[in-house]
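Worksheet for the structure shown next.
Protein chains: 2
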Amino acid sequence: MSKPIAPASPTESLRATGARVTGARVAILSLLTQANRALSHRDVEQALANEHVDRVTVYRVLDWLTSEGLAHKIADDERVFRFSAVGKHDDPHAHFKCRTCGDVFCVPTGSTPKLNLPAGFKSEEVELNIKGTCARCAG
Amino acid sequence: MSKPIAPASPTESLRATGARVTGARVAILSLLTQANRALSHRDVEQALANEHVDRVTVYRVLDWLTSEGLAHKIADDERVFRFSAVGKHDDPHAHFKCRTCGDVFCVPTGSTPKLNLPAGFKSEEVELNIKGTCARCAG
DNA sequence: GATGTCACTGCAACAGCGTTGCATTATCAT
DNA sequence: ATGATAATGCAACGCTGTTGCAGTGACATC
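Just so you know, the protein sequences line up as chains A and B, in that order.
Throughout the first sequence, residue numbering follows the numbering used here, covering -19 to 119 in sequence.
Throughout the second sequence, residue numbering follows the numbering used here, covering -19 to 119 in sequence.
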């Protein structure tokens, strides 16, 4: 009964990296997977307040998840990094930042725009950031 | 001999705001206008090292220029803000960040991409960030 | 050109996010 | 069960950006 289509659970994803599966890593990756928005370090720290996870460990796990390709690290315009689990966001997507509540959501994008870069410039990654008002704050 | 087509000089632009035209403001706006890339606070501070301009003044002038519409403030993924003079960049443009040297350039974009936002989300501004290698670092 | 007002500057101290070093702990292979 | 070592916790630090307040300099007025 293999499940090739089902998304990997956090623990399975961690196991697949070959590194150690620790409580902090499971907790943080689970959190990112369940969240419907990109979480800041502070968000994660508060959510894990009951689990005695050190600030520094949160930073290290988030960066490690990013380096393993299990999370995306995006820069906010509040000088904060935000993280979202990958997997459900494999498709090209943009980041929507609500100017009222500050939350960042991932939204799918149809196509990436054409670019006319100056000679010699090589594009490796294109990031689309939208700013506006989210449904909750608008409604 | 009016010059309606010529771009306003930094001093003229400052004068037009109605606020005081100070040495720091002229120096910083001139710097931004001449630069071919977006400058960080540190860039500005170093360039003005001989002029005895305080760190805090640089921050305040940069933010003030932004609020007056004379400069754009963009968030970098190094937890730094970068500023570029507006005027030559009135057209819609994207920001190209070189992963090697870290410099940020403004590049023109043909059209903004179509977006299918979730219900209730209102877009107010779209920002396009490209990451890659700049001409100097590639060559 | 002199004078007064208040916007702007400089200085100092602070705040927040993220990083580094090192001793300790806990995961996993054996 | 045991040992190697990856990962954690703790403490101290660094950097970007902010705030409060006293002093100065730009500009309007005379």
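Each residue gets a CB set at the ideal place from its N, CA and C atoms; glycine is no exception.
This one's a predicted model, so the numbers in the text were calculated from it and none came from an experiment.
| query | Starting from Gly3/A and walking both ways along the alpha helix (DSSP H), at which residues does that stretch end? | reply | Here the alpha helix (DSSP H) through Gly3/A covers 3 to 14.
| message | Below 9 Å on C-beta distance, what does Arg59/B contact in chain A? | response | Here the neighbours are Ala55, Arg59, Val60, Phe61.
| Collapsed DSSP secondary structure at Thr46/B in the structure displayed | Looking at Thr46/B - three-state DSSP - the assignment turns out to be helix.
| query | Going along chain B, which residues have a C-beta under 8 Å from Ala121/A? | reply | Here chain A has residues from -19 to 119 only, and residue 121/A is not among them.
| query | Looking only at its own chain, which residues have a Cβ that is under 8 Å from the Cβ of Gly49/A, when we skip the five neighbours before and after it? | reply | Excluding positions up to five away in sequence, the list reads Val66.
| field | Integer-rounded CB distance, given that Val38/B should sit under 8 Å from His21/B | value | Contact holds; Cβ gap of about 6 Å.
| request: Could you check what DSSP says for His21/A in three-state terms: helix, strand or coil? | output: In the structure shown, His21/A adopts helical secondary structure according to DSSP, grouped into three states.
| message | List, in chain order, every chain B residue whose beta-carbon is nearer than 7 Å to that of Asn120/A. | response | The requested residue 120/A is not part of the displayed model; chain A covers only -19 to 119.
| field | Three-state secondary structure assigned by DSSP to Arg62/A | value | Assigned with DSSP and collapsed to three states, Arg62/A falls in strand.
| Asn109/B in three-state terms, based on DSSP | Strand at Asn109/B.
| request: Output the distance between the C-alpha atoms of Leu11/A and Pro98/B, rounded to the nearest integer angstrom. | output: About 22 Å.
| query | Under the DSSP definition of a beta bridge, which residues are partnered with Val87/B? | reply | By DSSP's assignment, Val87/B forms a beta bridge with Ala74/B.
| C-beta contact flag for Ala115/B and Phe101/A at 7 Å | Against a cut-off of 7 Å, the Cβ pair of Phe101/A and Ala115/B comes out as a contact.
| Do you know how far the Cα of Ser(-7)/A is from the Cα of Lys(-17)/A? | The pLDDT assigned to Lys(-17)/A is 41, lower than 50, so where the model puts this residue is not dependable; a value taken from the coordinates is nonetheless given after this. Distance between the alpha carbons of Lys(-17)/A and Ser(-7)/A: 14 Å.
| request: List the residues of chain A whose Cβ lies closer than 8 Å to the Cβ of Pro88/B, in chain order. | output: The contacting residues are Asn96.
| Run of the beta strand (DSSP E) containing Ala55/B, from where it starts to where it stops | In the DSSP assignment, Ala55/B falls within the unbroken beta strand (DSSP E) covering 51 to 55.
| Nearest chain B C-beta to Ile(-15)/A closer than 7 Å, yes or no? | Because the pLDDT at Ile(-15)/A is just 47, under 50, the model does not fix this residue reliably, and the point stays unresolved.
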